[in-house]
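Participant: This is the structure, below, for whatever I ask next.
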Amino acid sequence: MSAAAPTATAQDGLETRAQSPSRLAWRRLRHDRAALVSGGFLVFLLLAVLPGAPLLGKALGHGPNDLFPYAVDVSLKPVGPWSSVPNTSQVPDIDPNTYTQSPPPAGTPRTLFVLGADGTLGRDELLRLLYGGRVSLTVAVGATLLALLIGTTLGTLAAFFGGWVDSVVSRFTDLVMAFPVLLLAIVLGSTVSKNLDDVTVGGTLNRGVLSLILLIGLFTWFYPARIVRSLILSLRAREFVEAAEMIGSSDSKIMRTHLFPHVIPALAVWSTLAVATNIMLEAGITFLGVGIKLPTTSWGSMLAATWGTVLSPLPYNPTTFSPWLTIIPSLTIFVTVLALTLFGEGLREAFDPRGVR
Amino acid sequence: MTTLGYALRRLGASIVLLLLLTLLTFTLYRAIPADPAGFLVDMQKASPDQIAKAEKALGVHTPLYEQYGRYLWRALHGDLGIAYQGTSLTPDGGRVGKAVAPAVVRAAMVTGSLVLGGALLALLISIPLGAIAASRPRSMTDRTILAVSLIGICTHPLVVALLLQQFPGNQWGLAPAHGYCSFFGTAGAPAKLDYLALSQDLGCAGPTAWASHLVLPWITFALFFLAIYTRLVRVRMIEVMDEPYIRTAAAKGMSRSRIVRHHALRNAMSPVLTLVGMDIGLALGIALYVESVYRLPGLGLTTLSALNGDVGFDLPMILGVVLVIGIVIIVANLVIDLVVAWMDPRAAESGLRRSAVGRVA
Numbered sequence: 000m001s002a003a004a005p006t007a008t009a010q011d012g013l014e015t016r017a018q019s020p021s022r023l024a025w026r027r028l029r030h031d032r033a034a035l036v037s038g039g040f041l042v043f044l045l046l047a048v049l050p051g052a053p054l055l056g057k058a059l060g061h062g063p064n065d066l067f068p069y070a071v072d073v074s075l076k077p078v079g080p081w082s083s084v085p086n087t088s089q090v091p092d093i094d095p096n097t098y099t100q101s102p103p104p105a106g107t108p109r110t111l112f113v114l115g116a117d118g119t120l121g122r123d124e125l126l127r128l129l130y131g132g133r134v135s136l137t138v139a140v141g142a143t144l145l146a147l148l149i150g151t152t153l154g155t156l157a158a159f160f161g162g163w164v165d166s167v168v169s170r171f172t173d174l175v176m177a178f179p180v181l182l183l184a185i186v187l188g189s190t191v192s193k194n195l196d197d198v199t200v201g202g203t204l205n206r207g208v209l210s211l212i213l214l215i216g217l218f219t220w221f222y223p224a225r226i227v228r229s230l231i232l233s234l235r236a237r238e239f240v241e242a243a244e245m246i247g248s249s250d251s252k253i254m255r256t257h258l259f260p261h262v263i264p265a266l267a268v269w270s271t272l273a274v275a276t277n278i279m280l281e282a283g284i285t286f287l288g289v290g291i292k293l294p295t296t297s298w299g300s301m302l303a304a305t306w307g308t309v310l311s312p313l314p315y316n317p318t319t320f321s322p323w324l325t326i327i328p329s330l331t332i333f334v335t336v337l338a339l340t341l342f343g344e345g346l347r348e349a350f351d352p353r354g355v356r
Numbered sequence: 000m001t002t003l004g005y006a007l008r009r010l011g012a013s014i015v016l017l018l019l020l021t022l023l024t025f026t027l028y029r030a031i032p033a034d035p036a037g038f039l040v041d042m043q044k045a046s047p048d049q050i051a052k053a054e055k056a057l058g059v060h061t062p063l064y065e066q067y068g069r070y071l072w073r074a075l076h077g078d079l080g081i082a083y084q085g086t087s088l089t090p091d092g093g094r095v096g097k098a099v100a101p102a103v104v105r106a107a108m109v110t111g112s113l114v115l116g117g118a119l120l121a122l123l124i125s126i127p128l129g130a131i132a133a134s135r136p137r138s139m140t141d142r143t144i145l146a147v148s149l150i151g152i153c154t155h156p157l158v159v160a161l162l163l164q165q166f167p168g169n170q171w172g173l174a175p176a177h178g179y180c181s182f183f184g185t186a187g188a189p190a191k192l193d194y195l196a197l198s199q200d201l202g203c204a205g206p207t208a209w210a211s212h213l214v215l216p217w218i219t220f221a222l223f224f225l226a227i228y229t230r231l232v233r234v235r236m237i238e239v240m241d242e243p244y245i246r247t248a249a250a251k252g253m254s255r256s257r258i259v260r261h262h263a264l265r266n267a268m269s270p271v272l273t274l275v276g277m278d279i280g281l282a283l284g285i286a287l288y289v290e291s292v293y294r295l296p297g298l299g300l301t302t303l304s305a306l307n308g309d310v311g312f313d314l315p316m317i318l319g320v321v322l323v324i325g326i327v328i329i330v331a332n333l334v335i336d337l338v339v340a341w342m343d344p345r346a347a348e349s350g351l352r353r354s355a356v357g358r359v360a
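If you're matching them up, the sequences are chains A and B in order. The opening position of the first sequence corresponds to residue 0 in numbering that gives the first Met the number 0, with each subsequent residue numbered one higher. The opening position of the second sequence corresponds to residue 0 in numbering that gives the first Met the number 0, with each subsequent residue numbered one higher.
Following this line, the structure appears as structure tokens:
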């Protein structure tokens, strides 16, 4: 250190600089190994799903919805992970005497199926997993944002103005929370979403994504509303809000500049965990046949690949039993949800280290 | 606030919600363009006269509020109407078919078998596990239990269901992988259980068949709640073990296991019970997953098949399920509230709430 730069810390080494709460939280988060690894995985997942999916498709030379009849054997069993498949959409002839497929035309190039084929149609499982991840994550994040928007608005109103707004919101929340969200979502989804399925916002969203976002958002806004309401109720009694009122700040200014920064940490934690539960909810609703419609894939429809649909479950057949088709989406959902949960818990502890573990 | 007043207020609010729910379902379904008359006549070929007759038989020719009022009036008398699916006209302009009330009750028995058995399994394992974890916080045992329960929470119930069905069920043949056998009756007479042939007619009955077909569903159902409740019991136990009366008991020279069993567990249980009540909705959601995968003809599968008909939605069936589920949740919550108020008056006042994490079902 040169003498020309005299800083206070360099001279006595004792002064503590004031640190903002968010900086403190970041410092704690940096030391939380589980949260860091999870965060790293989530970044990797986002990269793999957004730019990664089309890039990989280009590298492999096929898309997620391309059919490869040669990726399925005579008994309709799809090829397993890491197999190379003739790159042709031509359906092989089956020799009835030997019960074998005719070989592909000479000179057909081969293409690699990293995670095997997805079922009787012979599509690339890995690409479908990545494109399905896009859909699942869009639904989960979109629904969380919608719930945040509704919940924060109503929660703030309820806390700030009290009275009947408050009691209506709280009562309603209490009662609806006791009912099975999944059942309501499915009953509502089967009826309403038919009209919304075709809304794709100029092709940016896949079919059915918007209705799932609305559906899940509609049934989960109570949680952020509750958090915001109880936090603001306790904050309103604090001196700094009184002081702001005394100098004549408007209600909306108090909300924006004095109350809101205190609410953000709790909402950030909730959002992370909510994305995790929404991923599970999306998978569940789609699995039960109400969510994302084929041929668009999502993690929920991939889970159902070997199981079929509610009305026509596929029978079990030992010769075509392909457990990886269940295990791959299962593991993906599990790891994603685990990473989000760990990251959310890490955030919670970083913001509030004294909280109960 | 007295316990009775508290219970009465909750009951009143719940009934209002129940009415709102039926009204919502009712109007939603009526708002759909599909004409329920399609269940009785072929809409492409039928004459307007025939359609009018069909609508009259279905009772959908009157204004909406009148239909709703009539529905409520009949529901109060225990008559939930006749399902649309598989219904047919009688010569005198009436309608015959499957009565909703007994069908819903039968489905509720299936769901009840699943949920009660699974919940029992979950509580029987999670309470001791949580207590063990709490007895030495941050020890190796505690951390292991916490980690395993975290894995349980992050695993989708559908994943557990599918893997259990495919491996122990189908591949290894350890337990039946789908279908339901009723508890009552004899094995010889094939029990007619299916609604829209969703579950195969297995032709089995009796306690052994019933239990064996429910083994995998029970485990699936229990695993999810096992994970949640182990953590819950653990946190409550750690809190309770800090209380002065525990120290007093220890000072008296009471053994540690006796303290846990007699003083700590009992006090830790009352908020857990409240949450069991609040989780009935969640449990029915998980049951929906389990029923679909294992093809158990319970409330969830009944709803799904009523929603997935070729002609349209089977409104009487759906309304019946919504009503029954609503009533079960309300009654169960009331009972649990009263039990908790009786066990621990403080808990009733503070009204413990589940932390604000979302739900998967």
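Cβ atoms here follow ideal geometry from the backbone N, Cα and C, with glycine treated the same way.
Identify whether Asp165/A lies in helix, strand or coil by the three-state DSSP scheme.
Facilitator: Reduced to three states, the DSSP call for Asp165/A is helix.
Participant: For my contact list, Leu157/B and Leu302/A are in at a C-beta cut-off of 8 Å; report their separation, rounded to the angstrom.
Facilitator: Confirmed, Cβ separation roughly 6 Å.
Participant: Using the Cβ count rule (16 or more neighbours within 10 Å means buried), how would you classify Arg133/A?
Facilitator: So Arg133/A ends up on the buried side.
Participant: Would you say Ala130/B reaches chain A, if we count a Cβ-Cβ gap shorter than 8 Å as a contact?
Facilitator: No, Ala130/B does not count as interfacial toward chain A.
Participant: For a cutoff of 8 Å on Cβ pairs, would you count Phe320/A as touching chain B?
Facilitator: For Phe320/A, the answer is yes, since a Cβ of chain B falls inside 8 Å of its Cβ.
Participant: Cutting at 6 Å between CB atoms, please list the residues of its own chain near Ala196/B, excluding the five before and the five after it.
Facilitator: With a pLDDT of 45 at Ala196/B, under the threshold of 50, the modelled position of that residue is not reliable, and no figure is offered here.
Participant: Between Ile14/B and chain A, is there a C-beta pair that is closer than 8 Å?
Facilitator: It does not; no Cβ of chain A falls within 8 Å.
Participant: Taking the alpha carbon of Ala243/A as the point to measure from, which residue in Leu258/A, Val262/A, Thr308/A and Ser233/A has its own alpha carbon closest?
Facilitator: Ala243/A has its Cα closest to that of Leu258/A, out of Leu258/A, Val262/A, Thr308/A and Ser233/A.
Participant: Just reading off the beta strand (DSSP E) that Phe112/A is part of, what are its end residues?
Facilitator: Run containing Phe112/A: Arg109 to Phe112, per the beta strand (DSSP E) assignment.
Participant: With a threshold of 6 Å on Cβ separation, who are the neighbours of Thr325/A within its own chain once the five nearest residues in sequence on each side are excluded?
Facilitator: So the list reads Thr305, once near-sequence residues are dropped.
Participant: Determine the burial state of Ser198/B: buried for a count of at least 16 other Cβ atoms within 10 Å of its Cβ, exposed for fewer.
Facilitator: Its pLDDT being 46, under 50, Ser198/B is placed unreliably in this model, and the coordinates cannot settle the point.
Participant: On the criterion of 16 or more Cβ atoms from any shown chain inside 10 Å, does Ala190/B qualify as buried, or is it exposed?
Facilitator: Here the model assigns Ala190/B a pLDDT of 45, short of 50, so the residue's position is not dependable and the matter cannot be decided.
Participant: Which residue or residues does DSSP assign as beta-bridge partners of Asp94/A?
Facilitator: For Asp94/A, which the question treats as bridged, DSSP gives the partners Thr99/A.
Participant: On the DSSP letters alone, give me the boundaries of the alpha helix (DSSP H) that Pro53/A sits inside.
Facilitator: Residues Gly51 to Leu59.
Participant: Considering only their Cβ atoms, is the gap separating Leu272/B from Ile227/B smaller than 8 Å?
Facilitator: No.
Participant: Counting only Cβ pairs nearer than 8 Å, list the residues of chain A close to Phe312/B.
Facilitator: Per Cβ cutoff of 8 Å: Ser189 and Thr190.
Participant: Are the Cβ atoms of Pro296/B and Val59/B separated by less than 8 Å?
Facilitator: Going by C-beta atoms, Pro296/B is not nearer than 8 Å to Val59/B.
Participant: Helix, strand or coil for Asp123/A? Go by DSSP, reduced to three states.
Facilitator: Looking at Asp123/A - three-state DSSP - the assignment turns out to be strand.
Participant: Using 8 Å as the threshold, is the C-beta distance between Leu113/A and Trp81/A below it?
Facilitator: Checking the sequence, you will find Val at residue 113/A rather than Leu. Against a cut-off of 8 Å, the Cβ pair of Trp81/A and Val113/A comes out as a contact.
Participant: Between Ala70/A and Arg127/A, what straight-line distance do the alpha-carbon atoms span, to the nearest angstrom?
Facilitator: Distance between the alpha carbons of Ala70/A and Arg127/A: 15 Å.
Participant: If contact is defined by three or more beta carbon pairs under 8 Å, each pair taking one atom from either stretch, is the region 80 to 92 of chain B in contact with the region 259 to 272 of chain B?
Facilitator: Too few Cβ pairs lie closer than 8 Å, so no.
Participant: Should Phe160/A be flagged as near chain B, meaning a C-beta pair shorter than 8 Å?
Facilitator: Closer than 8 Å: no.
Participant: Give the single residue among Val240/A, Thr99/A, Ile231/A and Gly216/A whose Cα lies nearest to the Cα of Leu156/A.
Facilitator: The shortest C-alpha separation from Leu156/A is found at Ile231/A.
Participant: Do we get a CB-CB distance below 8 Å when we pair Ala282/A with the residues of chain B?
Facilitator: It does; some Cβ of chain B falls within 8 Å.
Participant: Looking only at its chain, what residues have a beta carbon closer than 6 Å to the beta carbon of Ser166/A, apart from the 5 residues adjacent to it on each side?
Facilitator: Within the same chain, Ser166/A has no close Cβ partners at all.
Participant: Less than 8 Å between the beta carbons of Leu225/B and Ser112/B, yes or no?
Facilitator: No, these two residues do not count as a Cβ contact at 8 Å.
Participant: Could you have a look at Arg94/B and say whether DSSP puts it in helix, strand or coil?
Facilitator: If DSSP states are grouped into helix, strand and coil, Arg94/B belongs with the strands.
Participant: Sort Arg26/A, His30/A, Trp25/A and Leu44/A by Cα distance to Leu337/A and report the nearest one.
Facilitator: The shortest Cα separation from Leu337/A among Arg26/A, His30/A, Trp25/A and Leu44/A belongs to Leu44/A.
Participant: Tell me whether Glu344/A is buried or exposed, calling it buried when 16 or more other Cβ atoms sit within 10 Å of its Cβ.
Facilitator: So Glu344/A ends up on the buried side.
Participant: Could you list which residues in chain B have their beta carbon closer than 8 Å to that of Ile185/A, in chain order?
Facilitator: The answer, in chain order, is Leu287, Thr302, Leu303 and Leu306.
Participant: For the 8 Å Cβ check, are there 3 or more pairs between the region 89 to 101 of chain B and the region 61 to 80 of chain B?
Facilitator: The answer is yes - the region 61 to 80 of chain B touches the region 89 to 101 of chain B, with three or more Cβ pairs under 8 Å.
Participant: Would you tell me roughly how many angstroms separate the C-alpha atoms of Gly207/A and Val138/A, rounded to the nearest one?
Facilitator: Between Gly207/A and Val138/A, the C-alpha separation is close to 9 Å.
Participant: Select from the region 141 to 157 of chain A all residues with a C-beta closer than 9 Å to any C-beta belonging to chain B, and list them in chain order.
Facilitator: From the region 141 to 157 of chain A, only Thr143 and Ala146 have a Cβ closer than 9 Å to chain B.
Participant: Suppose you measure from the CA of Phe320/A to the CA of Pro108/A; what does that come to, to the nearest Å?
Facilitator: The alpha-carbon atoms of Phe320/A and Pro108/A are separated by roughly 28 Å.
Participant: One question on the structure: do Ile279/B and Leu182/A come within less than 8 Å of each other, judged by their Cβ atoms?
Facilitator: In this structure, Leu182/A does not lie closer than 8 Å to Ile279/B by Cβ.
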